[in-house]
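These notes concern the structure reproduced below.
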Amino acid sequence: MEKKIIQVDEKVPVKLLVPLSIQHMFAMFGATVLVPFIFGINPAIVLFMNGVGTLLFILITKGRAPAYLGSSFAFLAPAGVVIAKYGFEYAQGGFVVVGICGCILAVIIYKFGTDWIDVVLPPAAMGPVVALIGLELAGSAASTAGLIGVDKVDMRNVIVFLVTLGVAIFGQVLFRGFLSVIPILIAIICGYIAAACCGILDFTDVMKASWFAIPNFQMAKFKSDAILTILPVLLVITSEHIGHQIVTSKIVGRDLLKDPGLHRSIFADNFSTAISGLIGSVPTTTYGENIGVMAVTGVYSVRVIGGAAVLSILIAFCGKISALISTIPGPVIGGISILLYGMIGTSGLRILVDNKVDYDKNRNLTLTSVIFVVGLSGISLNLGNVQLTGMVLACVVGMLLSLVFYILDRLKLTNDSAEQ
3 MEKKIIQVDE
13 KVPVKLLVPL
23 SIQHMFAMFG
33 ATVLVPFIFG
43 INPAIVLFMN
53 GVGTLLFILI
63 TKGRAPAYLG
73 SSFAFLAPAG
83 VVIAKYGFEY
93 AQGGFVVVGI
103 CGCILAVIIY
113 KFGTDWIDVV
123 LPPAAMGPVV
133 ALIGLELAGS
143 AASTAGLIGV
153 DKVDMRNVIV
163 FLVTLGVAIF
173 GQVLFRGFLS
183 VIPILIAIIC
193 GYIAAACCGI
203 LDFTDVMKAS
213 WFAIPNFQMA
223 KFKSDAILTI
233 LPVLLVITSE
243 HIGHQIVTSK
253 IVGRDLLKDP
263 GLHRSIFADN
273 FSTAISGLIG
283 SVPTTTYGEN
293 IGVMAVTGVY
303 SVRVIGGAAV
313 LSILIAFCGK
323 ISALISTIPG
333 PVIGGISILL
343 YGMIGTSGLR
353 ILVDNKVDYD
363 KNRNLTLTSV
373 IFVVGLSGIS
383 LNLGNVQLTG
393 MVLACVVGML
403 LSLVFYILDR
413 LKLTNDSAEQ
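Residues in the sequence shown are numbered consecutively from 3, following the numbering used here.
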């Protein structure tokens, strides 16, 4: 029996809306609170702006593009330099300027359209770029679970990881009815119970936290050196955004680059980043974890995403609930991430299949091969304090190659197939 699809604009019954929203919130929580911890700020303001930013995104895209905005990791390196030198307030100023420049880019895209994407990202390039969004995060999932990067693997982590991943995998195949749309939430609950049984939960912070807390709002400060240090990240987040919109389009079966339009989604993403930076939060971005949840469950409704956003805002004002969710251990998050990231990778391969990419043509074979190797090789390119690596670097290389091939085509200098 085929999985029932709940489309982007469909209403969801309240009895489904609540658990589906909680599922999305849990999926993004671990990654989104990590960024403020690295920057040394209270995560409550970040949870607040993640929720507000997501609601703004839904509003600006007219409710036609399901996406959850979480904390962006693209800013970590340059923002870290600025924070060490000037303080977090001046990093906020950089976030605001990047967001404003992104909004200006959205206006340019609105003026000139998106046909250029078909030139610089044909299916043979688009497929591997989208696949890399999930594949390059595989190591992160294993690291979060405590299975790599440690001197000795704790068997308790292995048990919790396997329980979580096992429930997620077999739940996806075996669950029916209501349970079939919340396999991720069920897997998280089972993993949490397993963690409790293994004795790896710590409730110290929960006991210390207060029930009600006001997020720490603070205004941005601006300095030209700080802004110029952070500004090149615009290239990174633009490539990332296009990739996320493409993979979401394939999952929901709609061309989101045309409706509601790439200009709307890029504007919404960057407007959220600008507002976040202005009042004391970190930049936002569409989240792969939540894209993965949609791929697994077949539920694409923006009402569910909006519900998760409202929950995030409420949690920002409740210290105990925020602290309790923070007790979800790494093996649980890692176990879920293995499946979610794999689903994103598979979506990239699906682009190649759906578009019937012909690998008898040298250009297609070359594009896909080079993009995959560049993305997975660990090669990095430093532009000042901004590092291009992984999917972003592969995307840039793929776009440049595709553009060169397009020019050579127009000059009638290319061959058409491997047989020639």
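By construction, the Cβ of each residue, glycine as well, lies at the ideal position given by its N, Cα and C atoms.
Look at SER23 here: in three-state DSSP terms it is helix. By the neighbour-count definition (other C-beta atoms within 10 Å, threshold 16), GLY95 is a buried residue. With a cutoff of 9 angstroms on beta-carbon distance, ALA222 and VAL98 are scored as near each other. An exposed status is given to ASN357, since fewer than 16 other beta-carbon atoms sit within 10 Å of its beta-carbon.
Positions of the alpha helix (DSSP H) runs, each at least 4 residues long and wholly inside the segment 273-318, are given as 290-299 and 304-318 in order along the chain. Counting the other CB atoms within 10 Å of its CB gives PRO15 a total below 16, which places it among the exposed residues. Straight-line measurement puts the Cα of VAL394 at about 9 angstroms from the Cα of LEU134.
GLY179 is classed as exposed because its beta carbon has fewer than 16 other beta carbons within 10 Å across all chains shown. The C-beta separation of PRO262 from ALA67 comes to about 6 angstroms, placing the pair in contact by the 8 angstroms criterion. Listed in chain order, the non-local C-beta contacts of ILE188 below 7 angstroms within the same chain comprise VAL169, GLY173 and LEU181, local neighbours out to five positions each way being set aside. For GLY72, the uninterrupted beta strand (DSSP E) run begins and ends at 71-73, by DSSP. Inter-residue distance for SER251 and VAL10 is about 11 angstroms (C-alpha atoms, whole angstroms).
With respect to the 9 angstroms criterion, GLY148 and ALA276 are not classified as neighbours on the basis of their beta carbons. Comparing alpha carbon positions, the residue from LEU316, PRO185 and LEU49 closest to THR287 is LEU49.
As DSSP reads the structure, ASN357 sits in no beta bridge. The Cβ neighbour count for VAL375, taken over all protein chains shown within 10 Å, is under 16; the residue is labelled exposed.
According to the DSSP assignment, SER382 belongs to no alpha helix (DSSP H) but to the beta strand (DSSP E) extending over 382-385.
Around the beta carbon of ARG256, 16 or more other beta carbons lie within 10 angstroms, which makes this residue buried.
DSSP places ILE191 within a helical segment (H, G or I) once states are collapsed to three. The segment 228-238 makes contact with the segment 73-80: 3 or more CB pairs, one atom from each, lie closer than 8 angstroms. Per DSSP, reduced to three states, the secondary structure at ILE253 is helical. Inter-residue distance for LEU264 and ALA33 is about 25 angstroms (C-alpha atoms, whole angstroms). In the DSSP assignment, ARG365 falls within the unbroken alpha helix (DSSP H) covering 364-379.
For PRO124 and SER404, the gap between their C-alpha atoms comes out near 7 angstroms. For secondary structure counted as the beta strand (DSSP E) over 3 or more consecutive residues, the segment 71-127 holds these complete runs in sequence order: 71-73. By the criterion of a C-beta distance shorter than 6 angstroms, MET51 is surrounded in its chain by SER278 and SER283, once the five residues flanking it on both sides are discounted.
Around the beta carbon of SER226, a 10 Å sphere encloses fewer than 16 other beta carbons of the protein chains shown; the residue is thus reported as exposed.
Comparing alpha carbon positions, the residue from ASP362, THR416 and GLY290 closest to LEU137 is GLY290.
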